[in-house]
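Chains as they are written, first to last, in our numbering: chain A, 6 to 345; chain B, 6 to 345; chain C, 6 to 345; chain D, 6 to 345. What follows is a set of notes on a single structure, which appears directly below.
4 protein chains.
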Amino acid sequence: MIKAGVLGATGFAGNELVDILLRHPEVEIAFLSSASYAGKRYCDTCRSTFKMTLVTPEAVPYANADIVFLCLPHGASSAYAKLAIEAGACCIDLSADFRLRDLSIYETWYGQHQAPELLSQAVYGLTEVYRDSLVGAKLVANPGCYPTGPLLALIPWLKAGLIKSKHLIIDAKSGTSGAGAKPSEKTHFMNVHENFSAYNIGRLHRHVPEIEQELAGAAEQDIQIVFSPHLLPITRGILSNIYVTAIDGTSEQDLRASWETTYADEPFITLCAAGKLPELADVARTNACHMALTPAGREGEFIVTTAIDNLVKGASGQAVQNMNVMFGLEETLALTGGKA
Amino acid sequence: MIKAGVLGATGFAGNELVDILLRHPEVEIAFLSSASYAGKRYCDTCRSTFKMTLVTPEAVPYANADIVFLCLPHGASSAYAKLAIEAGACCIDLSADFRLRDLSIYETWYGQHQAPELLSQAVYGLTEVYRDSLVGAKLVANPGCYPTGPLLALIPWLKAGLIKSKHLIIDAKSGTSGAGAKPSEKTHFMNVHENFSAYNIGRLHRHVPEIEQELAGAAEQDIQIVFSPHLLPITRGILSNIYVTAIDGTSEQDLRASWETTYADEPFITLCAAGKLPELADVARTNACHMALTPAGREGEFIVTTAIDNLVKGASGQAVQNMNVMFGLEETLALTGGKA
Amino acid sequence: MIKAGVLGATGFAGNELVDILLRHPEVEIAFLSSASYAGKRYCDTCRSTFKMTLVTPEAVPYANADIVFLCLPHGASSAYAKLAIEAGACCIDLSADFRLRDLSIYETWYGQHQAPELLSQAVYGLTEVYRDSLVGAKLVANPGCYPTGPLLALIPWLKAGLIKSKHLIIDAKSGTSGAGAKPSEKTHFMNVHENFSAYNIGRLHRHVPEIEQELAGAAEQDIQIVFSPHLLPITRGILSNIYVTAIDGTSEQDLRASWETTYADEPFITLCAAGKLPELADVARTNACHMALTPAGREGEFIVTTAIDNLVKGASGQAVQNMNVMFGLEETLALTGGKA
Amino acid sequence: MIKAGVLGATGFAGNELVDILLRHPEVEIAFLSSASYAGKRYCDTCRSTFKMTLVTPEAVPYANADIVFLCLPHGASSAYAKLAIEAGACCIDLSADFRLRDLSIYETWYGQHQAPELLSQAVYGLTEVYRDSLVGAKLVANPGCYPTGPLLALIPWLKAGLIKSKHLIIDAKSGTSGAGAKPSEKTHFMNVHENFSAYNIGRLHRHVPEIEQELAGAAEQDIQIVFSPHLLPITRGILSNIYVTAIDGTSEQDLRASWETTYADEPFITLCAAGKLPELADVARTNACHMALTPAGREGEFIVTTAIDNLVKGASGQAVQNMNVMFGLEETLALTGGKA
């Protein structure tokens with residue numbers, strides 16, 4: 006059995022992660038931490054029946070764990086990653102702290118980094134793309150919720166040189182769990198229900214540099230995206246439309262074939278049949294990423310639509326998928342409990 | 006007092022229209038029709054306390070009305086427009102039947118037209134743009150819900166030659182009232198709530214030719230848009246992001262100045278301050294159109310965000326605004342009853 | 006024109022009240038206060054386009070107002086009522102501070118009272134019941150949101166001796182605006198949406214003594230109710246089921262006749278036809294109270310169902326209705342702007 | 006492996022059941038039927054990835070199944086139960102057809118019965134109460150969604166003579182999945198969202214005779230309940246308040262002790278600590294029934310609050326729980342996949 010610890014266990018991603026780990030046949034939970042609720046039983050702090058008592062992040066017995074999941078705020082996470090790794094545990098960080106390889110870009114967006122010396126060993130945990138590097142990794146930077154779908158859709162095409170790196174536009178809509186558990190005016194029921202709005206549009210959202218880093222890596226050239234996040238009046242799910250221009254001579258069939266070749270054997274990627282578009286209800290509470298390709302109606306232009314559950318494939322599900330790969334387990338373990 | 010009749014009074018647009026007309030100080034309702042509910046009192050067929058008995062569209066006493074509003078399905082509307090006009094009434098058609106000036110384009114999208122001889126006299130009722138032509142008009146084609154916001158945003162810029170006519174992308178999200186009152190799997194609560202999806206994306210939605218016609222008219226050249234409609238789990242409102250490329254040398258300030266000049270005195274257009282984005286809750290149950298301009302973060306590219314209530318500015322509110330103009334009344338009459 | 010001031014103008018009840026006052030033909034707003042947002046324009050603090058600058062409650066020029074509305078927290082309100090009245094203004098308090106005539110009961114539930122000397126002159130503002138006392142009143146205690154519907158339903162029957170004063174049970178469900186604008190775990194979208202729960206059931210909710218006071222007054226004997234409030238995942242509305250046992254010999258027809266006699270000419274009371282039950286969507290954004298009477302299926306037992314909009318008839322609409330009566334205006338002024 | 010067939014597999018209960026069976030380690034699905042979608046793949050008719058082709062109920066190979074689940078409309082179910090049993094399969098009927106032991110009561114509420122000769126062998130599948138009779142049963146009548154929670158709460162007390170059989174009132178609120186998958190005005194998103202209403206209150210709902218039968222059996226005397234069902238704007242869950250009067254001398258502690266004795270070892274029953282009330286979000290997608298006991302604040306009166314997921318414990322989860330008992334399997338198999 007793998008002994009797993011979770012820091013920041015009472016937030017939405019933490020809670021989702023604990024649920025998944027509890028049904029994982031090869032995992033036992035070593036500890037759960039919470040700065041706010043230390044000393045309380047887990048079941049008394051969030052929607053769970055699990056009775057383990059929470060400890061402070063400072064009191065965590067790292068040496069008892071084979072793997073430590075960090076569900077902490079950006080900036081706060083890296084210091085604990087260091088502690089975990091020094092104690093001999095592997096670490097999957099669900100914050101942004103190890104996603105950006107370029108320290109200066111990180112510090113532009115997030116402020117000072119607490120463990121820059123670890124950056125070079127962090128593997129970006131977009132499982133389908135980085136699977137080989139994940140085997141035996143000590144430190145994994147779990148991807149952001151918004152990046153996951155668009156990256157899975159675009160990376161194969163950029164690697165194959167099928168689409169232009171300019172003009173990419175991502176119009177993305179996220180459920181409210183993405184805004185976190187902290188009560189605020191933004192997340193008050195009265196401001197979300199029967200409402201819909203965009204925020205931080207353009208190149209202002211913190212997931213922009215993460216998306217651009219990974220797209221640039223695939224394309225082997227710099228890429229600037231336009232990115233428009235929105236807040237949906239639902240609990241979970243991200244649906245993204247990506248507006249893409251193909252290289253001259255690239256057909257719809259070429260793009261579709263690229264996806265099919267890349268993802269034929271992937272258990273969590275579903276390519277929608279032509280004419281069918283993903284719905285968030287189809288991916289809710291699953292680790293699936295559904296992708297559709299639609300001609301935009303203008304020569305050479307296409308619309309890609311991706312759908313994931315932001316708390317599962319966009320956070321805790323993908324984290325467990327990464328853990329399964331790191332430890333040589335069946336990749337789908339504990340991740341098929343949602344819809345049939 | 007203006008005597009107004011409403012055909013198709015029990016659908017969502019019809020019901021919203023009756024509400025507005027009942028609080029209009031210069032209007033009395035002459036008749037209400039419904040094919041399904043003729044013989045019943047209005048208050049027994051939809052959310053209203055108005056007790057007038059519904060008649061069939063065939064039994065309507067057109068000669069009793071100064072103006073007839075048609076809230077009928079596309080294709081069914083034009084035949085009744087003809088009857089109303091022959092009886093001497095003015096007519097505002099909320100269907101698509103008179104929106105497209107080119108008969109062949111109409112018939113490609115909607116099938117055979119029942120009154121093509123009237124097409125040439127129909128005025129497209131985007132009030133802020135066609136106000137002069139509306140005064141004294143006999144037949145007004147009320148704009149579609151999706152077109153209204155984007156057209157109001159883009160027409161001034163295309164007329165002034167400030168933006169490129171290529172590359173326009175509209176990513177639009179509509180509340181469920183836009184799908185109509187007829188029960189279907191698509192509108193079943195279980196399929197809308199906690200769900201979100203796109204439909205008819207590319208150049209497949211019937212509002213595409215309407216938007217393209219009006220943009221082309223403003224730009225004096227053909228325009229092809231990419232248009233992505235979505236269904237939101239809320240009752241009312243349309244939020245659209247429009248991705249725009251400026252002509253070389255056009256600055257954010259130029260675009261903003263164009264809007265300010267055009268809309269300075271418009272009672273229903275609100276230009277958001279830089280950095281502020283519209284929310285659907287701000288326009289719900291009002292005749293307002295909120296517009297924001299945001300730099301996209303790439304040289305020369307911008308994001309326009311527009312918000313309207315699809316049942317008010319996108320349908321019945323704009324219809325009454327048009328009636329007010331046609332009859333020389335104060336344009337805001339009966340249209341300021343929503344939020345302060 | 007009546008000059009009206011509003012203290013606590015940026016909360017949900019305050020915002021609703023400002024909306025209503027702005028469309029009132031006989032009112033002009035003299036001032037708006039907010040402890041949190043003083044110095045800001047009203048339109049920058051909540052969903053409104055009204056540009057008046059907010060002042061602190063301390064800086065309010067009471068002498069400029071004919072009437073002051075208090076939308077302040079329980080306990081905080083009474084001190085300002087005193088200031089307003091001393092300055093010569095009338096006052097309608099939307100908090101609980103003047104609802105309970107017995108000081109000791111008030112202090113049991115709410116703590117020390119700041120202006121007990123005013124209690125004796127306060128009129129309980131359930132308009133339909135206390136209309137005569139409201140004419141010329143200086144201080145009105147606007148009823149609580151939960152009490153309004155059940156009191157309107159039961160008071161006529163208790164006055165006429167038609168129902169037993171024992172066994173009354175009220176099972177009530179309220180939209181989330183009733184929980185106030187302050188962000189909290191309870192009002193976080195993630196805890197309200199797709200959820201439903203009861204709270205403070207039994208005789209624990211602060212509206213219990215208010216309901217019991219008014220029922221006892223009508224029955225001329227002490228009454229204990231069982232009261233079960235719930236939080237609904239909607240923005241506005243309260244639907245209550247009241248379980249009632251009739252005095253032997255009282256028929257359904259007797260009960261219905263009592264309502265009809267009492268409420269025949271009331272503009273805001275709708276008695277549902279037999280077999281029809283109220284829905285919250287029918288009363289949303291109106292000052293109406295819908296009531297239905299249904300045989301419970303056991304000898305002598307009945308179910309009363311009442312529906313109101315908690316922010317309108319349950320707060321700000323009833324406050325304006327009271328103001329209209331106090332100042333001798335048409336009682337429905339500014340209160341018919343919702344549904345037809 | 007147990008071979009299971011499902012008739013009516015594409016409705017909400019059927020879909021939920023297929024999900025559960027697919028994750029059941031001891032079950033393989035033998036066939037799925039649908040009158041409407043026969044010939045299509047399951048995954049093309051509802052939210053599932055399961056690719057089995059649907060057959061008509063007439064073409065079902067009953068002999069291939071060890072157990073047949075009937076998710077068919079009331080009245081239509083019994084004829085197929087007969088076919089299944091004659092072919093040698095066990096049968097769990099999720100409709101009402103075998104719940105009422107008295108044929109005349111059944112026919113009063115549902116019309117003519119298609120297989121009355123089977124009534125006497127049907128076991129009422131409220132697992133915790135009828136577990137012993139379920140072992141080896143051939144025909145199980147799965148309880149209705151509304152009855153499940155209140156019966157589990159009240160039966161122990163009635164058996165022990167702790168509460169009065171008169172005055173029982175159940176005020177129950179159900180998510181919209183309870184209204185079925187068929188599109189209708191009632192289930193249109195626009196009529197459910199931001200709405201709330203009661204229906205069939207008194208003794209008019211078809212679940213009344215079912216609840217009364219089981220309560221009367223426990224009390225060994227006739228019982229009449231008052232029952233008020235409501236439609237909640239959420240997808241799943243039933244929260245019920247039950248108003249109870251204790252026998253003189255029965256204390257809160259007596260009632261609580263009765264529950265604790267009865268349910269100490271039940272895996273799916275959670276007794277809430279004093280002062281804590283169940284929330285629907287806590288039971289969503291689980292087979293749990295949460296129960297709370299609260300003093301009503303009047304001498305000898307109590308409020309019981311129960312919460313279940315209507316599609317799981319109120320339908321398909323309980324059906325699988327029953328199957329597990331019938332076949333001697335671990336009772337929790339496939340039923341612990343929801344929340345931790």
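A virtual CB, placed ideally from N, CA and C, is assigned to each residue, including glycine.
Here the alpha carbon of Tyr151(B) sits roughly 24 Å from the alpha carbon of Gly280(B). The C-beta of Glu219(C) has 16 or more other C-beta atoms within 10 Å across all chains shown, which makes the residue buried.
Cβ atoms of Ala70(B) and Ala94(B) come within 8 Å of each other, at about 5 Å. Leu123(A) and Ser83(A) do touch by the CB rule: their CB atoms are close to 7 Å apart, below 8 Å. From the listed residues Asp49(D), Ile7(D) and Ser53(D), the smallest Cα separation to Asn20(D) is found for Ser53(D).
Here the region 287-307 of chain A does not lie against the region 29-48 of chain A, with fewer than 3 beta-carbon pairs under 8 Å apart. Residues of chain C whose Cβ lies closer than 7 Å to the Cβ of Ser182(A) are, in chain order, Met195. The shortest CA-to-CA distance from Thr341(D) to any of Val140(D), Phe273(D), Ile160(D) and Leu156(D) is the one to Phe273(D). Of the candidates Asn246(D), Ala221(D) and Lys143(D), Asn246(D) places its Cα closest to the Cα of His235(D).
CA-to-CA, the gap between Gly80(D) and Arg211(D) works out to about 13 Å.
With a cutoff of 8 Å on beta-carbon distance, Leu167(C) and Thr255(C) are scored as near each other. Secondary structure at Leu139(A): helix, using DSSP grouped into helix, strand and coil.
Tyr204(D) carries a coil assignment under DSSP once its states are collapsed to helix, strand and coil. In this structure, DSSP gives Pro62(C) a helical state, which the three-state scheme calls helix. Interface annotation, Arg211(A): not in contact with chain B, CB-CB separation never under 8 Å. When C-beta distances to chain C are compared with 9 Å, the residues of the region 262-286 of chain B below that value are Thr275, Glu284 and Ala286, in chain order. Under the three-state reduction of DSSP, Thr310(C) is assigned to strand. Here the alpha carbons of Cys48(B) and Lys56(B) stand approximately 5 Å from one another. Within the region 73-126 of chain B, the runs of alpha helix (DSSP H) at least 4 residues long that lie entirely inside it are, in chain order, 82-91 and 108-115. Using a Cβ-Cβ cut-off of 8 Å, Pro188(D) is close to Pro188, Ser189, Glu190, Thr192 and His193 of chain B, given in chain order. A direct Cα-Cα distance of roughly 13 Å separates Pro188(C) from Gly185(A). With contacts defined by Cβ atoms closer than 8 Å, Leu131(D) and Ser100(D) do not form a contacting pair. Under the three-state reduction of DSSP output, Glu265(B) falls in the helix class. In the structure shown, Lys318(D) adopts helical secondary structure according to DSSP, grouped into three states. Inclusion of Gly154(A) and Ala251(A) in the CB contact set at 8 Å is not warranted, their separation being larger than that value. Around the beta carbon of Met6(D), fewer than 16 other beta carbons lie within 10 angstroms, which makes this residue exposed.
The Cβ-Cβ distance between Tyr67(B) and Ala43(B) does not fall below 8 Å.
Counting only residues of its own chain and dropping the five nearest sequence neighbours on each side, Leu27(A) has a CB closer than 8 Å to the CB of Ile34 and Phe55.
The contact set of Asp176(C) on chain D, defined by CB atoms closer than 7 Å, consists of Asp176 and Asn246 in chain order. Annotation: the region 141-194 of chain D contains the following complete segments of the beta strand (DSSP E) (minimum length 3 residues), in chain order: 144-146 and 174-179.
Contact annotation: Thr240(D) and Gly180(D) have beta-carbon atoms nearer than 8 Å.
Under the 8 Å criterion on CB atoms, Arg52(B) is classed as interfacial with respect to chain C.
Three or more pairs of CB atoms, one per stretch, sit closer than 8 Å, so the region 188-207 of chain A contacts the region 297-304 of chain B.
Apart from sequence neighbours up to five positions away, the residues of its chain that approach Glu335(C) with a beta-carbon distance below 8 Å are Asn329, ordered along the chain.
Going by DSSP, Pro214(A) is part of the alpha helix (DSSP H) stretching over His212 to Ala224.
At least one CB atom of chain D sits nearer than 8 Å to the CB of Leu237(C).
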